[in-house]
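Here's the structure we're looking at; comments come further down.
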Amino acid sequence: MADQVQVGAPPADKVVVVPDVPLAEKPPVAAAAAKEPPPVPESEEEKPVKQKQVEDAEALETKISDAVPDGDDEEKVPQSGHYKEESTRVADLLENEKKAVEELKVLVREALNKHEFGGFAMPQQQQQQQQQPKDDSAKEEPKAEAVTETVAETKEESIAQAETGDDEENVATATVRSDAVEDDGAKTVEAIEDTIVSVSASVQPEQPPEAASKEPSDAKPNVEGKDAETVSNKVLPQEVSIWGIPLLADERSDVILLKFLRARDFKVKEAFTMLQNTIRWRKEFGIDELVEQDFGNDLEKVVFMHGFDKEGHPVCYNVYGEFQNKELYQKTFSDEEKRQNFLRWRIQFLEKSIRKLDFSPGGICTIVQINDLKNSPGLTKWELRQATKQALQLLQDNYPEFVARQVFINVPWWYLAVNKMISPFLTQRTRSKFVFAGPSKSAENLFRYIAAEQVPVRYGGLSKDGEFGNTDAVTEITVKPAAKHTVEFPVTEACLLTWEVRVVGWEVNYGAEFVPSGEDSYTIIIQKSKKVGCSEGEVVCDNFKVGEPGKVVLTIHNPTSKKKKLLYRLKTMPASA
C-alpha cells in the first residue's frame, strides 16, 4: 500500500510538464514500411582503390562517435561520413544515368529473346527454322550459275569453230550462230527461272491413294494444322524473375536494374555481366528450392529482424557474441559440411527478407544492418572467419545495394585496427554507410537512426513484449550530470495511469508520487526514491489508479559526472478497467 504523507511539491532542478493524459500516440513507424522485414549482414561492393585514396580514407575517419566530453575515457571510435540514400525513381536520375538504364534494358531484352540468361540456349528447332530461308536461296543460286556457264561455253565453241574455217562464209555463219546462241542463252536463263518457279508452285507431294480419294474440303484442316505447328514452334522470350520480380515486366524491374548499375558505377556492360552472373549463380545455388528448406531455429539469436528505423527500413541485428557458446560454435562451424549449411541458412535468411521489401519506385528496398561486436570471438576463430568471408563474398557479388546503413556497436579495440586496414580498399560510397560506436555510446548512436520504441531492451530501447507496443511513442530526455530531473503527468479525471521508465546505464535515483490538485489532499508516494543500478531491472513499469485531479511526478536524480539518457512513455485507461 502506498504511504500517505503531508508534503509539498517535490523539489526539482528541472521540471517537464507532460500535457494532460491521455497523450497522443506517435504514428506507427512500422506502418510506413509494413511490407518489409528480415535480412542478414550483407556487405556492399568493395573495390580496390589506388594508393592515393588511402589519404582520403584517413581524412574521412575524422568524425568521432565515442568522444567523451562528460569524462568517459573510453577509446575514441572513428565514424564515417553521412550517407543519403539515392532515389529509386528513374525520373529523378541524371540524364546519363537514365541513358544507362535504357541501354541496360536493351541488353536484357536481347538476352531474354535469345534465352541467354541462366545458361539457357535457344532450341535447335528454332535455329533451323531461322536458317532455312537462307539455305533455300543458297540452293537456287547454283542453278542460275550453271545455266550461265552453259551459255558461255556454247558461245566460245561457236567462235572457235568459225576461226578454224577457210572462208568468210564460215566466219559469218559462226558470228550469226554466236549471236543466236547469246540471245537463246538469255532466253534459256529466263525460261529456266520461270520453269523453276512454275514447277515449285505446281508440283504437289505424292499422296497415298487414300489421301487422293478424299474430298478437297479435307485438305483445309491440314493447312491450318501446319500453320498451328509453325506458330507453336516459335519460341517466346525467356521469362526470368529475381527476388520475385520478373525482369522488364513492370517498373519494379527498373529498381532492380538500378541496383546493379549503381554497384558498377553505371557502367552498363559491367552491370549486365553482374546481372548475368547473379542469375546464373541463383540457378546453380538453387535459390528457389533453398527458401523452402527448414534449417531449424538454432541460429535465431545470431541473426534476427526487429523493428524499423526512422525512415521505415527494416532492421537486422547480427549478434556475433552468441558464438561464444562453444556448443553452438561446434555445431555450426566444426567441419566443412556444417559451414556450408551455415552459409545456406544465411543466404536463405537474406533471401526471405528481401522478398518482403517494396521494389516499387520510391519504396523501401534496402535494410539497416546492426552488427553487435560485444564478446565477439574475434580473429582467433579460423572457422568463423572463413565462413564469414565466404558469405560476404557471395553477398557482395549477388546482392548489390541492399544495405541502407551498417551500424557497428560495442566495438572493441581490436576492431579499430582491422577497420583501418580494410578501409582503404572500400569505396567512399561504401564507407559512407558505416557507423561505429563503442560500448558506452552504442544506445545513443542507435537512437540517432532508430526510435527508442523500436530498439530492443538489450540495446537500450523499450521494445519488448508487455503492456506497450512498438507503436507507443517514447520520449527521450538527456539528464545532465549531477542534476535532478522531474517529469509531470497531469490528470484531470479518474483513470488508470501506466508508464514505463528507463535510464540508459541507470546508476541514478528514481522515485514517483501523485500530487493532488486539492489543497487539503495528501501527496501519495508511489515509489520511494531509490538508486537503480545498471544490473537491476532494465525497464521500470509502474501504474497508479487516479481518483481525483492532480499529477503524477517522476523524479530522476543523476549523481554521476556523466550525461544520462532518460526514456519514458505512458498510457491511460478508464478507471473501470
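With UniProt numbering as the guide, the letters of the sequence shown map in order to residues 1 to 577.
Beta carbons: idealized from backbone N, C-alpha and C, even for Gly.
The structure displayed is predicted, hence computed values, not measured ones.
Asked                                                                                                   : Found
Residue(s) in a DSSP beta bridge with Q406                                                              : Q369 and F434
Sufficient close CB pairs (3 or more, under 8 Å) joining the region 538–551 to the region 505–515       : yes
Which listed residue (E289, V503 and L496) has its alpha carbon closest to that of T486                 : V503
Buried versus exposed call for I422 [16 or more other C-beta atoms within 10 Å across all chains shown] : exposed
Nearest-angstrom Cβ-Cβ length linking L373 and Y415, presumed shorter than 8 Å                          : 6 Å
Length at least 4, wholly inside the region 283–325: the alpha helix (DSSP H) runs in chain order       : 287–290
Collapsed DSSP secondary structure at D397 in the structure displayed                                   : helix
Inter-residue spacing [alpha-carbon to alpha-carbon] between V302 and E337                              : 19 Å
Assumed close pair A575, A494 - CB separation to whole angstroms, cut-off 8 Å                           : 4 Å
From G286, E322 and R569, residue whose alpha carbon lies closest to that of T471                       : R569
Run of the beta strand (DSSP E) containing E538, from where it starts to where it stops                 : E538 -> no beta strand (DSSP E), and no H or E assigned at all.
Selected residue, minimal CA-CA separation from I256, among D265, V268, W243 and K267                   : W243
Reference L343; option with closest CA among S353, T332 and F359                                        : T332
Given L566 as reference, the closest of L392, S521, G505 and F544 once Cα atoms are compared            : G505
One or two residues paired with G461 in a DSSP bridge                                                   : According to DSSP, G461 bridges with nothing at all.
CA-to-CA distance, E507 to G533, given in whole angstroms                                               : 5 Å
Residues near V539 in its chain [Cβ-Cβ closer than 8 Å; skip 5 each side]                               : V457, L462, K464, E500, V501 and R502
Opening and closing residue of the alpha helix (DSSP H) in which Q348 lies                              : E336 to I354
Assigned exposure category for W413 - 16 Cβ within 10 Å defines buried                                  : exposed
A271 vs L104 beta-carbon contact at 7 Å                                                                 : yes
Cβ separation of R109 and L248, assumed to be a contact under 8 Å, to the nearest whole Å               : 6 Å
Residues bridged to V491 [DSSP beta-bridge criterion]                                                   : G550
CB of V90 within 7 Å of CB of V106, strictly                                                            : no
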